[in-house]
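If you read the sequence shown in my numbering, its first letter stands for residue 12, the second for the next number, and so on.
Ideal Cβ placement from N, Cα and C applies to all residues, glycine included.
These numbers were taken from a predicted model, which means no experiment stands behind them.
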Amino acid sequence: MMKDLLWKNIAHLKRQSPLVHNITNYVVMNNTANALLAAGASPIMAHAHAEMEDMMKICQALVVNIGTLDEYWVTSMKKAATQANQLQKPWVLDPVGAGATPYRNETLADLLKLRPTIIRGNASEIMALANHNTTPTKGVDSSAESNEAVAAAKFLVDNYQTTVCISGETDIILNQEKEIHLSNGNALMAKITGMGCSATALVAAFAAIISDKVEAVSSAMALLGVAGELAARESKGPGSLQLNILDKLHNITKAEFIATLKIEIKRG
């Protein structure tokens with residue numbers, strides 16, 4: 012039943028085509044926009060202070076990705092997140108490189124005060140965000156496994172009333188009521204820059220159309236994980252995999268999604 016529900020959400024996204032405002036990093040803008048378009052959503056990439064509030068009026072969800080921080084963009088992030096909260100629209104925080112520098116940590120502390128609807132990061136980032144980091148961060152790559160970050164994720168859930176996704180070999184999605192584990196994907200996906208950032212953008216797209224945020228995150232992560240796993244079967248390396256993932260996000264069928272998806276419901 013859960014597999015069927017997630018597939019219905021994927022089909023629903025293509026029909027609804029929500030507009031997602033992305034304040035994201037320079038490295039992944041093109042990848043992120045293409046992933047959203049391939050899945051059926053519509054992207055906007057904007058950061059000018061003067062249009063942040065107006066942009067959130069026309070968009071259905073917001074992505075705040077701190078990958079390439081600077082002071083100007085931080086102000087944009089805060090303005091957009093504040094407006095999203097006022098308009099009761101979901102926003103997703105991607106704490107890229109959390110724990111790497113004091114400035115990054117200070118920025119994240121300020122963003123957490125604005126209560127993100129959803130947080131998606133790798134295990135090291137989630138642990139650093141909750142100040143539960145027991146292993147050093149490695150840039151944007153995780154040096155910890157997903158299951159090591161569950162306590163940190165629960166801390167964030169309890170203290171910020173948010174939904175958390177820990178990305179990894181197993182994706183763990185949880186809030187106070189539910190916990191879902193997804194085990195799709197392929198190791199070669201880690202050789203493509205911005206896969207996690209694309210995941211965050213897809214999470215925001217589904218959050219725009221689905222009120223149950225664990226269900227929304229699970230739909231996004233299941234879609235990307237299955238698409239990556241299927242695409243890897245016909246890819247020779249990370250270059251062709253990147254293109255094949257976009258194609259699979261666009262043309263994935265119900266039959267192959269249902270047959271490939273590996274999901275475990277822990278709670279809820």
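Contact under 8 Å by Cβ, residue i with residue j
i       : j       : result
Asp-105 : Arg-131 : yes
Leu-185 : Gly-236 : no
Leu-98  : Ile-220 : no
Gln-94  : Glu-62  : no
His-58  : Trp-18  : no
Val-31  : Ala-215 : yes
Ala-306 : Ser-246 : This structure does not reach residue 306, given that the chain is present from 12 up to 279, and the question cannot be answered.
Gly-205 : Asn-133 : no
Met-200 : Gly-250 : no
Lys-90  : His-60  : yes
Ala-111 : Ile-137 : no
Val-161 : Ile-183 : yes
Ala-218 : Ile-129 : yes
Ser-230 : Asn-20  : yes
Leu-257 : Ala-46  : yes
Val-228 : Thr-173 : no
Simplified DSSP state of residue i, which is helix, strand or coil
i       : result
Leu-123 : helix
Thr-146 : Bear in mind that the predicted position of Thr-146 carries a pLDDT of just 45, short of 50, making it too unreliable to give a figure here.
Ser-53  : strand
His-58  : coil
Asp-223 : coil
Asn-197 : coil
Ala-72  : strand
Val-168 : helix
Ile-203 : coil
Leu-104 : strand
Leu-80  : coil
Met-12  : coil
Thr-264 : coil
Glu-245 : coil
Ala-160 : helix
Of the residues the options, the one placed nearest residue i, counting alpha carbons only
i       : options                            : result
Thr-118 : Thr-128, Met-88, Tyr-37            : Met-88
Asn-33  : Gly-248, Thr-173, Met-66, Glu-136  : Met-66
Asn-96  : Leu-123, Tyr-114, Leu-47           : Leu-123
Ala-22  : Gly-279, Ser-222, Pro-113, Ala-50  : Ala-50
Arg-244 : Ala-231, Ser-230, Glu-267, Ser-229 : Glu-267
Thr-181 : Thr-173, Lys-202, Asn-158          : Asn-158
Thr-35  : Val-103, Asn-262, Ala-198          : Val-103
Gln-253 : Lys-202, Lys-189, Ile-263          : Lys-202
Ala-198 : Lys-165, Met-56, Asn-42, Ala-242   : Ala-242
Arg-278 : His-261, Gln-187, Ile-263, Lys-259 : Gln-187
Ala-212 : Phe-166, Val-39, Asn-170           : Val-39
According to DSSP, residues forming a beta bridge with residue i
i       : result
Arg-131 : Cys-176
His-192 : Ile-183, Glu-275
His-32  : Ile-55, Leu-73
Check: residue i C-beta below 7 Å from any heavy atom of the ligand FMN
i       : result
Asn-116 : Among the components of this structure there are no ligands whatsoever, and the ligand FMN is therefore not found.
Count the C-beta pairs between the region 92–111 and the region 75–84 that are closer than 8 Å, then say yes if the count reaches three, no if not. yes
Counting beta carbon pairs with one atom in the region 193–202 and one in the region 266–276, are three or more of them shorter than 8 Å? yes
Are the region 68–75 and the region 26–45 touching, with three or more C-beta to C-beta distances below 8 Å? yes
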